[in-house]
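As you go down the protein sequences, you meet chains P and F in turn. So the first sequence is numbered by our numbering: it starts at 1418 and just counts up by one. So the second sequence is numbered by our numbering: it starts at 1418 and just counts up by one. The C-beta atom is built at its ideal place from N, Cα and C for all residues, glycine as well. Just so we're clear, the structure is a prediction, and the values are computed from it rather than from any experiment.
There are 2 protein chains.
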Amino acid sequence: MRVAVEEKVLNENQRLAQELRQRFQEHNVFCLNLISSPGSGKTALLERTLEAMPKDTKVAVLTGDIQTENDARRLARAGFPVKQITTGGTCHLDAKMITRALENWSLDDIGILFIENVGNLVCPSSYDLGEHAKVVLLSVAEGEDKPLKYPGIFVKSELCVINKIDLLPYVPFDLAAARENACKVNPAIELVEVSCTVRQGLDDWLDWVYRREQKAVGALTR
Amino acid sequence: MRVAVEEKVLNENQRLAQELRQRFQEHNVFCLNLISSPGSGKTALLERTLEAMPKDTKVAVLTGDIQTENDARRLARAGFPVKQITTGGTCHLDAKMITRALENWSLDDIGILFIENVGNLVCPSSYDLGEHAKVVLLSVAEGEDKPLKYPGIFVKSELCVINKIDLLPYVPFDLAAARENACKVNPAIELVEVSCTVRQGLDDWLDWVYRREQKAVGALTR
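Printed below as a string of structure tokens:
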């Protein structure tokens, strides 16, 4: 019975996600869904990303957390539209939350929409948000075995951002093994290595974003 | 309807957890449930813990993961009974999984049972496993804001292990703020600071384990 209800919930989510996808397409919105463990650096990556974008870029962020509006406050400093989704206990964002959060925004004013999911390497991967692609972040402090232990999200992601590479000298993290493990569960996955604190590799990330946007909507919003 | 089914699942879990709790009491088993994000160092802490225990200690470990038996292999090196629970996709351990995993073990041969939950700072906190206490781990690489963003598990834990303190010089982590945030959501929580890689603070952790065991079963199994 539980499985049946879960299926019903996921089917309903899929329907709403499909609606979102169609709206994104109609309004030329390119949407990425960022997923990782708590503390892998999703917010820091978005801070660096927004800082790097020209002030007239039509970029917006929805950021999910169980509690607090801290991330929205951090991200709003860059001057682009940011909205916090506080789930109040739910371990993932779903398509209904995204639909509601977008209610007061005009999609014509958005070229790139980043969704920062709740920090959780498991549950968010089951909920389609209408995004063009999922991006999984992995901090080098977490260990190179994570793609093997949590394959679901690595299978569903187009890009894996290996973050906090400035910590490599201080943690037992095998970068080659991490890449190998990610490719083992998803041979098509692309990888970039970044550090948000020492600002390394961010061009690789931004290049990927703009290339993927080009592929998705066929027009640069820059 | 979904809420009703979730409640039913949780009620059934509660019943099984209560059975486990009673069996632990009858057989003088002290049980701890370790919860954290993926890669916070639960397995490393247990490795150091098992190494530090005299060879005749009646200690055993159940370790949960979505995929792989890596952690059981790592932990088995210490020579104590270890069993992997592979959930195959489920984002938490539940009381039924623990009951099944214990089927072939005699509880009279176990004095201390460590349960290493699936790496997830959200969902595992809702599932009672019959443990005497929950312990939450937080790595300094994750940021000092985590108790505020994921209050559920910090409210339910008796101890917070702040791990990877050897990384403090290299990460923007405010130790005082972390302690303050943990105490804000749970004024009764105790805290220890450890590094499993440079073997720092482990005595504080072991002291807490033995003190808590003493309180739980009134007898040292050492």
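| Check | Outcome |
| --- | --- |
| Start and end residues, alpha helix (DSSP H) containing Cys-1577 of chain F | Here Cys-1577 of chain F belongs to no alpha helix (DSSP H); instead the beta strand (DSSP E) covers 1574–1580. |
| Beta-carbon separation (whole angstroms), Glu-1464 of chain P vs Leu-1437 of chain P, contact threshold 8 Å | Contact flag wrong, Cβ pair sits at about 25 Å. |
| Beta-carbon proximity list for Glu-1561 of chain F, same chain, < 8 Å, skipping 5 on both sides | Phe-1590, Asp-1591, Leu-1592, Ala-1594, Ala-1595 and Asn-1598 |
| Exposure of Glu-1559 of chain P, with buried meaning 16 or more beta-carbon neighbours within 10 Å | buried |
| Local conformation of Asn-1569 of chain F per DSSP, three classes | According to the sequence provided, residue 1569 of chain F is Gly. The question's Asn does not apply to it. DSSP places Gly-1569 of chain F in helix when its eight states are reduced to three. |
| Inter-residue CB distance, Ile-1570 of chain P and Leu-1608 of chain P (contact presumed, cutoff 8 Å) | With 8 Å as the limit, Ile-1570 of chain P and Leu-1608 of chain P do not qualify as a contact, their Cβ atoms being about 14 Å apart. |
| Residue range of the beta strand (DSSP E) that includes Glu-1533 of chain F | 1529–1533 |
| CB of Gly-1618 of chain P within 8 Å of CB of Val-1626 of chain P, strictly | no |
| Beta-carbon proximity of Ala-1512 of chain P to Leu-1585 of chain P, cut-off 8 Å | no |
| DSSP beta-bridge partners of Thr-1503 of chain F | F:Asp-1482 |
| C-beta neighbour in chain F for Gly-1506 of chain P, strict 8 Å | yes |
| Beta-carbon contacts of Asn-1430 of chain F that lie in its chain and below 7 Å, excluding the five residues immediately before and after | Asp-1511, Ala-1512, Tyr-1544 and Asp-1545 |
| C-beta neighbour in chain F for Lys-1459 of chain P, strict 8 Å | no |
| Gln-1484 of chain F: contacting residues in chain P (beta-carbon distance under 8 Å) | Leu-1565, Lys-1566, Tyr-1567 and Pro-1568 |
| Alpha carbon of Leu-1479 of chain F to alpha carbon of Cys-1508 of chain P, nearest angstrom | 24 Å |
| Assumed close pair His-1444 of chain F, Leu-1565 of chain F - CB separation to whole angstroms, cut-off 8 Å | 39 Å between Cβ atoms; not a contact. |
| Within-8 Å CB hit, Thr-1638 of chain F to chain P | For Thr-1638 of chain F, the pLDDT reaches just 48, beneath the cut-off of 50, and the residue's location in the model is therefore unreliable, although a value from the coordinates is still provided. With 8 Å as the cut-off, Thr-1638 of chain F does not count as an interface residue toward chain P. |
| Short CB-CB distance (under 8 Å) between Leu-1449 of chain P and chain F | no |
| Same chain, Cβ closer than 8 Å to Glu-1575 of chain P, five either side skipped, listed in chain order | Ala-1550, Lys-1551, Val-1552, Ala-1605, Ile-1606, Glu-1607 and Arg-1629 |
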